[in-house]
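One structure is given here, and the rest of the page talks about it.
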Amino acid sequence: MRLGLFGGSFNPIHLGHLRAAVEVREAFNLDRLLLIPSAHPPHKERRDMAEAIDRLKMVDLAVQNVPFLEACNIELTRPAPSYTIDTLRYFHNHSDPRSAIYFVVGIDAFSEINTWKSYRELLATAHFIVMTRPGPRVKNLQGFIHTNISSQYEYRPESNEYRHPQWYSIFCFDITHLDISATQIREKVRLGRSIRFLVPDAVEYFIMKKGLYK
Ligand code: ATP
4 MRLGLFGGSF NPIHLGHLRA AVEVREAFNL DRLLLIPSAH PPHKERRDMA EAIDRLKMVD
64 LAVQNVPFLE ACNIELTRPA PSYTIDTLRY FHNHSDPRSA IYFVVGIDAF SEINTWKSYR
124 ELLATAHFIV MTRPGPRVKN LQGFIHTNIS SQYEYRPESN EYRHPQWYSI FCFDITHLDI
184 SATQIREKVR LGRSIRFLVP DAVEYFIMKK GLYK
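When you read off a place in the sequence shown, starting at 1, and then add 3, the result is the number in this note's numbering.
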C-alpha cells in the first residue's frame with residue numbers, strides 16, 4: 004500500500020489543492036491520498052478560520068467521485084493544537100509495516116518545517132513529497148535541508164530526491180501551480196465577488212449556504 008497524506012488548513016479547499024493532489028497521486032502511484040484538514044492549525048491565525056467540521060465537509064464534497072482522493076477527519080478527533088507529528092505517528096503505527104507513507108506539502112509550508120513540532124522525527128517517520136515550481140525557492144532547497152534538517156541528505160537528480168542514510172526521502176515534484184489561494188477566495192466572498200471556477204461547485208454552494216467568510 005502506498006498511502007499519501009496531504010495536510011492543510013483547507014480554509015477552504017480549492018482547485019489549486021485538488022489539481023496538485025491529482026498530479027501527485029498519479030506520479031507516485033498512490034493507492035490512497037487522504038486530504039487532512041488541520042483542526043487547530045498552530046501556525047495560522049484563528050480569525051477567518053471556518054469551523055474544522057465545515058472545512059472537513061468542504062474537502063469531502065470536493066473529492067466526491069474523485070478516484071483515490073479521500074477526506075480524513077483524524078485531526079478533528081484530537082484536542083488542540085493539531086500537530087502533524089501526531090498524525091504521522093498514528094498512520095505509522097496503524098499501517099501495515101510494508102506500507103509506504105508519503106506526506107505531501109507545498110514548498111511554502113516545507114520552507115518553515117524547522118518550526119514544526121518534532122520536525123526531525125517527521126522526516127524519520129514518512130517520505131515527504133515537496134510540491135515545487137521552478138524558481139529561487141527550489142534552488143535554495145538543498146541549503147535549507149542541509150542547514151535545518153540534516154547535512155546527511157544526498158541529492159539524486161534522476162529521481163529529484165534527497166536521500167538520507169537512516170530517514171525517509173524528500174522528493175521534489177513539480178506540479179501545475181494554479182495561482183489560487185484560500186486567502187484570495189475568502190477575500191472575494193467578503194467582497195461579494197464570484198468564486199466560480201476557483202473551488203468545486205459543491206464547495207461554492209456550501210460556502211454560500213452556510214454564509215462562511217462573510
Ligand atoms: P491560505 O491562503 O489561507 O494561507 P492556502 O491556499 O495556502 O491557504 P493551505 O490549506 O494553507 O492553503 O495549504 C495546504 C497545502 O497546499 C500547503 O502545503 C500549500 O503549500 C499547498 N497549496 C496551497 N495553495 C496551492 C496551490 N494553488 N497549488 C498547489 N498547492 C497549494
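C-beta: ideal position from N, C-alpha, C; glycine also.
Is residue i near the ligand ATP, going by C-beta to nearest heavy atom under 8 angstroms?
i, result
"L125", "no"
"I110", "yes"
"D182", "yes"
"A23", "yes"
"F71", "no"
"R196", "no"
"H95", "no"
"N151", "no"
"M134", "yes"
"N68", "no"
Express the C-alpha separation of residue j and residue i in angstroms, rounding to a whole number.
i, j, result
"W170", "H17", "32 angstroms"
"I148", "H130", "14 angstroms"
"N14", "Y216", "9 angstroms"
"R92", "N68", "29 angstroms"
"T135", "F176", "6 angstroms"
"I2", "M211", "Since the displayed the chain opens at 4 and closes at 217, residue 2 lies outside it and no answer follows."
"D182", "I116", "22 angstroms"
"H95", "D51", "32 angstroms"
"Y165", "N151", "14 angstroms"
"A42", "R159", "36 angstroms"
"D111", "I178", "13 angstroms"
"S172", "E157", "10 angstroms"
"R123", "G7", "19 angstroms"
"L144", "D57", "34 angstroms"
"C75", "S153", "31 angstroms"
Where does the unbroken beta strand (DSSP E) through residue i begin, and where does it stop?
i, result
"V133", "H130 to T135"
"A74", "L72 to A74"
Go ahead and label residue i buried or exposed: buried means 16 or more other beta carbons lie within 10 angstroms of its beta carbon, across all protein chains shown.
i, result
"Y86", "buried"
"G146", "exposed"
"G214", "exposed"
"K120", "exposed"
"D63", "buried"
"M61", "buried"
"S102", "exposed"
"P100", "exposed"
"R49", "exposed"
"F106", "buried"
"E29", "exposed"
Starting from residue i, trace the alpha helix (DSSP H) both ways and give me its first and last residue.
i, result
"L64", "A55 to V66"
"A42", "Note, A42: premise wrong, no alpha helix (DSSP H); not H, not E."
State yes or no: is the beta carbon of residue i nearer than 9 angstroms to at least one beta carbon in chain E?
i, result
"D111", "The question asks about chain E, but that chain is absent: this structure has only one protein chain."
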